[in-house]
Each structure stands twice: as structure tokens, then as C-alpha cells.
Amino acid sequence: MLLHTEFLAVDTETNGRPGDECELTEVGAVLVGGGELHDEWESLVSTERPLGRGIQRFTGISQAMVADAPSPRIVLEQLAARMEARVLVAHSASFDRRVLRQAFERAGLDWPDPPFLCTVALARKFAPLVRQRKLAPLA
Numbered sequence: 004m005l006l007h008t009e010f011l012a013v014d015t016e017t018n019g020r021p022g023d024e025c026e027l028t029e030v031g032a033v034l035v036g037g038g039e040l041h042d043e044w045e046s047l048v049s050t051e052r053p054l055g056r057g058i059q060r061f062t063g064i065s066q067a068m069v070a071d072a073p074s075p076r077i078v079l080e081q082l083a084a085r086m087e088a089r090v091l092v093a094h095s096a097s098f099d100r101r102v103l104r105q106a107f108e109r110a111g112l113d114w115p116d117p118p119f120l121c122t123v124a125l126a127r128k129f130a131p132l133v134r135q136r137k138l139a140p141l142a
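Per our numbering, the very first residue in the sequence shown carries number 4; after that it's consecutive.
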């Protein structure tokens with residue numbers, strides 16, 4: 004069964020604001036299956052609120068970049084098509100899942116509710132002696 008499963012590894016960036024003010028600024032996805040890379044995709048996302056200087060430095064995403072980006076609805080429709088019948092994988096999946104679910108809701112789109120794998124949870128289980136759970140130390 005796993006041999007035929009396709010996994011969509013996703014990563015999101017946000018405006019860094021908490022709760023309902025959190026907006027998606029970028030989403031990237033890599034499709035893998037059968038041990039092979041099938042596709043890579045990423046898109047910036049326009050925001051309603053201006054980005055703070057701190058989050059611009061942290062993410063490298065400027066206000067000008069999101070000002071020219073497609074709307075959340077357009078980006079999320081493209082992402083939803085990639086998510087169909089796939090298992091999503093994310094490092095700290097609870098964050099990415101919350102950000103995506105909230106963005107879908109705000110854009111008036113149905114959340115597909117795909118199965119998620121969290122690489123942080125997998126690291127805790129299968130590499131318990133590794134203290135840092137960031138991607139670089141785990142690679």
C-alpha cells in the first residue's frame with residue numbers, strides 16, 4: 004500500500020500574527036511517491052494586512068512580493084488540486100494544518116481534511132536521542 008501512496012510535503016509561511024489575524028504569505032509543496040520526486044510547486048500569497056519588518060526579515064518575503072502575488076483563493080484552489088488523494092507531510096504539522104485550514108475557511112473554500120504526517124512527531128518516536136527537532140539536525 005505505501006508503495007503506491009503519494010505524499011505531498013508542504014511548508015507554509017505566514018505574516019506571523021496570532022489567531023484570526025494569521026495570514027498565509029507563501030506555500031510550497033513537493034510531491035513524492037515510490038521513492039521518486041514527481042513535482043515541486045510554490046506560490047506567494049497576497050495578504051490583507053501589511054507585513055511587519057520582523058517577519059519580512061525572518062521569512063525573506065517582502066511586502067512588494069505579496070502585493071504582486073495571487074489571491075489566497077487562487078493559490079488554495081491550486082493547492083487543493085495537488086492535495087487530492089495524497090497524504091500531507093509537514094514539519095510541525097499542527098502549525099501548517101491550522102494555517103491551511105484557516106486560510107481555506109477565510110477564502111470560502113472547503114477544507115479537504117487530508118491525512119497528515121508530522122515529521123517532528125516521527126522524529127520524537129524514531130530518533131528520541133536527537134535533542135534538536137529542526138530539519139537540519141534531523142537530515
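Cβ coordinates follow ideal geometry from the N, Cα and C atoms, glycine included.
Using three-state DSSP, classify residue i as helix, strand or coil.
i: residue 62; result: helix
i: residue 83; result: helix
i: residue 28; result: strand
i: residue 92; result: strand
Which residues mark the beginning and the end of the alpha helix (DSSP H) in which residue i is found?
i: residue 99; result: 96 to 109
Tell me the DSSP bridge mates of residue i?
i: residue 35; result: 10 and 40
i: residue 47; result: 29
If you follow the beta strand (DSSP E) that residue i is part of, which residue opens it and which one closes it?
i: residue 125; result: No beta strand (DSSP E) holds residue 125; the alpha helix (DSSP H) holding it covers 122 to 129.
Report yes if the CB atom of residue i is closer than 8 Å to the CB atom of residue j, and no otherwise.
i: residue 37; j: residue 82; result: no
i: residue 24; j: residue 15; result: no
i: residue 58; j: residue 19; result: yes
i: residue 11; j: residue 75; result: no
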